[in-house]
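Residue numbers (the numbering used here): 91 to 437.
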Ligand SMILES: [Zn+2]
Ligand SMILES: [Zn+2]
């Protein structure tokens, strides 16, 4: 069973999950590029994954059989597991608990060579829609405090399989990164009685120089103090604390906006590896007034090295104003060719 351990000095939890050492990607001799014939996420290989939690499939097709458009499955090598109690216990001055939670994989498409920039807005909306469905379902589990949704694209960003997918990890603690945002947003709210993210949206609209795109209900910006070159945020313009608070039509708008933003980054930076992370409020509604959900996209263009590890701050070689200008100018009507595994193998 995975174990959660707390660093007694700075209060950061880590997951000790030895099960994950067994996964194929942890052995360097196994190639990361998979063809559709070998891919466990491709239709016809449903037996190679744990049984699906939910799938979008036409009527008349059977669960765990081909025909699906999108599938959500438990991660075969989960960082946290669903069964059991938390059993939080001290061990001298240390704290630990069972690694309880959920670790799910959203297989975004049945097509091995298709990623979000090639999908229709409706297909992307379905992905965003299933995120919401899973979040609402997992929020009912009283043991869980936070649901983290993220996508790793490209080997350097941690994707062990290239078939387009995202992941969800529901956990019994609020992660430190999120807790820091909550703390900062709360302090601002206590002082000004306004949400800092709402204020950032107002300020960025007024300044203009860090805007990448304005998609009606969402603003795409380079943050004022980005850690990484081309770090990009998608922020809802109206105050919403949770990802699940959006109206139906906002999921459609977000789908178009996310797809377009990923396309800008792909064209501007030659299909960089990236991570995106949905930052949403914890399960508890206590954070509703001052927390404001958003998506952070981090292209992997630089490496975290000694200085960053030692100081916790970052040297970013690209000013966000320049990055925003560059991304704004990208012609998003040029959709790149689909890159299949065969094409990818050539490089
Ligand atoms: Zn595949
Ligand atoms: Zn707000």
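Glycine included, each C-beta is placed from N, C-alpha and C at the ideal position.
Measure the alpha-carbon distance for residue i versus residue j and round it to whole angstroms.
i, j, result
"residue 301", "residue 155", "44 Å"
"residue 362", "residue 209", "18 Å"
"residue 190", "residue 202", "31 Å"
"residue 212", "residue 373", "27 Å"
"residue 229", "residue 138", "28 Å"
"residue 149", "residue 159", "12 Å"
"residue 227", "residue 108", "27 Å"
"residue 402", "residue 387", "19 Å"
"residue 125", "residue 304", "38 Å"
"residue 219", "residue 243", "20 Å"
"residue 140", "residue 241", "20 Å"
"residue 296", "residue 289", "11 Å"
"residue 418", "residue 271", "27 Å"
"residue 360", "residue 204", "16 Å"
"residue 105", "residue 170", "8 Å"
"residue 97", "residue 377", "25 Å"
"residue 153", "residue 173", "23 Å"
"residue 327", "residue 408", "26 Å"
"residue 89", "residue 91", "Residue 89 lies beyond the range of the chain shown here (91 to 437); nothing can be said about it."
"residue 128", "residue 247", "21 Å"
"residue 434", "residue 292", "Caution is warranted here: a pLDDT of 41 is assigned to residue 434, below 50, making its placement in the model unreliable, and the coordinate value is therefore given only provisionally. Their backbone Cα atoms lie some 42 Å apart in a straight line."
"residue 385", "residue 324", "5 Å"
"residue 268", "residue 299", "27 Å"
"residue 145", "residue 162", "6 Å"
"residue 405", "residue 341", "35 Å"
"residue 131", "residue 99", "41 Å"
"residue 415", "residue 261", "38 Å"
"residue 277", "residue 423", "42 Å"
"residue 430", "residue 275", "Because the pLDDT at residue 430 is just 46, under 50, the model does not fix this residue reliably, and the point stays unresolved."
"residue 334", "residue 315", "27 Å"
"residue 251", "residue 185", "34 Å"
"residue 329", "residue 294", "15 Å"
"residue 121", "residue 281", "Model confidence at residue 121 stands at a pLDDT of 41, short of 50, so the residue's coordinates are unreliable; what they give is reported in the following sentence. Between residue 121 and residue 281, the C-alpha separation is close to 53 Å."
Mind checking who residue i pairs with in its DSSP beta bridge?
i, result
"residue 95", "104, 186"
"residue 256", "196"
"residue 304", "309"
"residue 261", "236"
"residue 366", "241, 387"
"residue 160", "146"
"residue 286", "None; residue 286 has no bridge partner."
"residue 326", "308"
"residue 180", "185"
"residue 171", "190"
Could you say which of the options lies nearest to residue i if we only look at CA atoms?
i, options, result
"residue 231", "103, 176, 95", "176"
"residue 147", "356, 199, 241", "199"
"residue 215", "345, 426, 317", "345"
"residue 310", "263, 413, 405", "413"
"residue 103", "133, 221, 223, 266", "266"
"residue 371", "352, 273, 351", "273"
"residue 187", "422, 313, 278, 263", "263"
"residue 235", "259, 307, 330", "259"
"residue 182", "95, 133, 250, 349", "95"
"residue 353", "277, 93, 207, 133", "207"
"residue 332", "317, 254, 237, 136", "237"
"residue 380", "93, 224, 317, 279", "279"
"residue 135", "179, 253, 93, 233", "253"
"residue 355", "343, 321, 330, 337", "321"
"residue 306", "343, 133, 422, 416", "343"
"residue 239", "233, 255, 250, 245", "255"
"residue 383", "261, 369, 389", "369"
"residue 426", "357, 261, 411", "357"
"residue 411", "179, 319, 339", "319"
"residue 349", "308, 250, 251", "308"
"residue 217", "249, 257, 251", "257"
"residue 312", "421, 233, 93, 389", "389"
"residue 338", "391, 366, 222", "222"
"residue 317", "421, 157, 392", "392"
"residue 179", "142, 93, 151", "93"
Tell me, please, whether the stretch 283 to 302 touches the stretch 392 to 402 by the rule of three or more beta-carbon pairs shorter than 8 Å. Counting Cβ pairs under 8 Å, fewer than three are found: no touch.
Measuring CB atoms only, is the stretch 161 to 178 touching the stretch 192 to 200, in the sense that at least three cross pairs come out at less than 8 Å? These segments touch.
What does the shell around ligand 2 hold, if a residue joins when its beta-carbon is under 6 Å from any heavy atom? Result (chain order): 285, 287, 288, 329, 382.
Give the residues whose C-beta lies closer than 6 Å to at least one heavy atom of ligand 1, in chain order. In chain order, the hits are 126, 129, 131, 132, 202, 253.
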